[in-house]
Amino acid sequence: MTPEERERFYDEDVAPALAELCRHCAAAGISILTLAELRPEALGRTAMLLDGHGQGIALANTAAGANGNPDALIRALIADAQANGHSSIYLFQLGIPFDPVAAGTG
Numbered sequence: 381m382t383p384e385e386r387e388r389f390y391d392e393d394v395a396p397a398l399a400e401l402c403r404h405c406a407a408a409g410i411s412i413l414t415l416a417e418l419r420p421e422a423l424g425r426t427a428m429l430l431d432g433h434g435q436g437i438a439l440a441n442t443a444a445g446a447n448g449n450p451d452a453l454i455r456a457l458i459a460d461a462q463a464n465g466h467s468s469i470y471l472f473q474l475g476i477p478f479d480p481v482a483a484g485t486g
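Adding 380 to a residue's 1-based position in the sequence shown gives its number in my numbering.
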């Protein structure tokens, strides 16, 4: 398959099936994240993160959104930490407070 054919196959066949799987998981209270590499620079991503989901799946979703770009990943992690707080010593060393509300920045 050409890259275009793979992307069309994903969009027409795989993504709808994954969307149905996401709905099925959500009905059972399960958050889900799926990734498919269509070509090295393009990911297909389907996610259903329920309220109260864990940080692990949230971080995996953020990493997937960065698509292999470390700067995009770090920028997204910093933005989330500034908005919601964090528990990372590395982000703290970069000057991002653990609790943005207590620090008066959130």
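Note that beta-carbon positions come from the ideal geometry of N, C-alpha and C, so glycine has one too. Keep in mind the model is a prediction, meaning the values are calculated, not measured.
- Task: Let me know the secondary structure DSSP gives Thr382 once reduced to three states.
- Result: The residue labelled residue 382 in the question sits at position 2 within the sequence shown. Coil, per DSSP.
- Item | Option nearest Gly434 by Cα separation, candidates Ala395, Ile410 and Phe389 | In the sequence shown, the residue the question calls residue 434 occupies position 54. Looking at the Cα atoms, Ile410 is the closest of the given residues.
- Message: For Ile469, report the span of its alpha helix (DSSP H) as first-last.
- Response: Taking the sequence shown and counting its residues from 1, one reaches residue 469 at position 89. Segment Ile469 to Gln473, the alpha helix (DSSP H) holding Ile469.
- Message: So, for Leu423: in the same chain, excluding its five sequence neighbours on each side, which residues have a beta-carbon less than 8 Å away from its beta-carbon?
- Response: Locating residue 423 in the sequence shown gives position 43, counting from the first residue. Only Leu415, Ala416, Glu417, Ala444 and Asn447 meet the Cβ criterion.
- Task: Take Pro420 as the anchor and find which of Ala452, Asp393 and Pro383 has the nearest alpha-carbon.
- Result: Numbered from 1 along the sequence shown, position 40 holds the residue referred to as residue 420. That would be Pro383, whose Cα lies nearest to the Cα of Pro420.
- Taking DSSP as the reference, what is the three-state secondary structure of Ala443? As a first step, residue 443 is located in the sequence shown; it is residue number 63 there, counting from the start. Three-state DSSP puts Ala443 in a helix.
- Item | Length of the line joining the Cα atoms of Ala395 and Ala459 | Within the sequence shown, the letter at position 15 stands for residue 395. Within the sequence shown, the letter at position 79 stands for residue 459. If you draw a straight line from the Cα of Ala395 to the Cα of Ala459, it is about 29 Å long.
- Message: Within 10 Å of its beta-carbon, does Ile469 have 16 or more other beta-carbons around it, so buried, or fewer, so exposed?
- Response: Counting from one through the sequence shown, the residue named residue 469 turns up at place 89. Result: exposed.
- Across which residues does DSSP place Ala422 in a beta bridge pair? Mapped onto the sequence shown, residue 422 falls at position 42. BP columns for Ala422 point to Arg419.
- Cβ shell of Tyr337 (< 7 Å), same chain only, five flanking positions each side left out: With the chain represented from 381 up to 486, any question about residue 337 goes unanswered, as that position is not in the structure.
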